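Engineer:
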Amino acid sequence: AQSVTQLDSHVSVSEGTPVLLRCNYSSSYSPSLFWYVQHPNKGLQLLLKYTSAATLVKGINGFEAEFKKSETSFHLTKPSAHMSDAAEYFCVVNPDNYGQNFVFGPGTRLSVLP
Amino acid sequence: DTGVSQDPRHKITKRGQNVTFRCDPISEHNRLYWYRQTLGQGPEFLTYFQNEAQLEKSRLLSDRFSAERPKGSFSTLEIQRTEQGDSAMYLCASSLEDEQFFGPGTRLTVL
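If you read the protein sequences in the order shown, they are chains A and B. Going by the working numbering, the residue at position 60 of the first sequence is 60; the numbering climbs one at a time, nothing skipped. Going by the working numbering, the residue at position 7 of the second sequence is 121; the numbering climbs one at a time, nothing skipped.
(1) Listing by chain order, which chain A residues have their CB less than 7 Å from the CB of B/Gly-186?
(2) In angstroms, rounded to a whole number, what distance separates the CA positions of B/His-124 and A/Ser-80?
(3) Taking Cβ-Cβ distances shorter than 8 Å, what residues in chain A pair up with B/Pro-157?
(4) Does B/Ile-193 pass the burial test, meaning 16 or more other C-beta atoms within 10 Å, or should it be called exposed?
(5) Taking the DSSP output, what are the residues bridged to B/Thr-161?
(6) Using 8 Å as the cut-off, can you tell me whether the stretch 36-46 of chain A makes contact with the stretch 206-224 of chain B, which would need three or more C-beta pairs spanning the two stretches below that distance?
(7) Drop a sphere of 10 angstroms on the beta-carbon of B/Lys-185, count the other beta-carbons inside from all chains shown, and report buried for 16 or more, exposed for fewer.
(8) Could you list which residues in chain B have their beta carbon closer than 8 Å to that of A/Thr-51, in chain order?
(9) So, does the CB of B/Pro-218 fall closer than 8 Å to a CB anywhere in chain A?
(10) For the candidate residues B/Ser-119, B/Arg-129, B/Gln-151, whose alpha-carbon lies nearest to that of B/Val-224?
(11) Is it a yes or a no for the stretch 144-161 of chain B touching the stretch 98-114 of chain A, going by three-plus beta-carbon pairs under 8 Å?
(12) So, does the stretch 47-56 of chain A touch the stretch 28-37 of chain A, judging by three or more C-beta pairs under 8 Å?
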């Protein structure tokens with residue numbers, strides 16, 4: 001079965017410091033991977049996606065993620081956190097690129113301290 | 115506003131009643147998805163339409179749940195004989211390819 005693990009349910013950083021949100025996946029095939037963000041009382045928004053092109057993917061708002069097949073990881077990073085980054089972040093896998101059964105991780109809540 | 119819309123935004127019902135939710139996708143999007151999200155969890159896939167055809171259904175979608183997309187545009191999700199365990203946020207998303215655009219959700223509370 002395909003699954004997504006987000007190793008931290010809550011991450012807290014100070015404004016201006018780096019952000020690292022961890023994601024590991026299991027998939028029998030070469031998956032497509034995504035990060036979505038959910039701000040309070042707002043809809044989910046796509047941050048970035050990996051679909052078997054470059055392994056380092058750049059997204060919106062300064063976020064990027066690196067696909068590491070050997071580690072089955074797709075960690076999300078940002079060099080410098082901003083207060084507006086405080087939100088829930090979801091790692092998502094489309095396990096086989098043919099079906100549409102997208103699997104969401106449990107989410108990581110990011111807090112940014114002043 | 116040309117985003118995904120959902121109606122109603124909130125629904126409170128008594129156990130055993132039927133409820134129906136509506137999703138209006140972005141107009142040119144041929145793919146439409148329904149998800150369920152409970153507190154503290156990520157969204158769980160329920161079902162997927164390509165145009166009017168329902169192509170995938172999760173095992174989470176019991177026989178009390180039914181979804182339709184009759185003309186390949188808006189979609190409805192009906193829950194019959196609601197149970198307290200059905201209380202959740204029901205999310206709709208649409209896409210042309212793999213980037214899904216999500217609606218604001220319908221929050222269902224079953225008393």
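A virtual CB, placed ideally from N, CA and C, is assigned to each residue, including glycine. Since the structure is predicted, the reported quantities are computational estimates derived from the model, not experimental observations.
Structural biologist: Straight from the coordinates:
(1) Under the 7 Å cutoff, chain A gives no residues; its nearest Cβ is about 16 Å from B/Gly-186.
(2) 37 Å
(3) Leu-44, Phe-90, Phe-104
(4) buried
(5) B/Trp-148, B/Lys-171
(6) yes
(7) exposed
(8) Asp-212
(9) yes
(10) B/Arg-129
(11) yes
(12) yes
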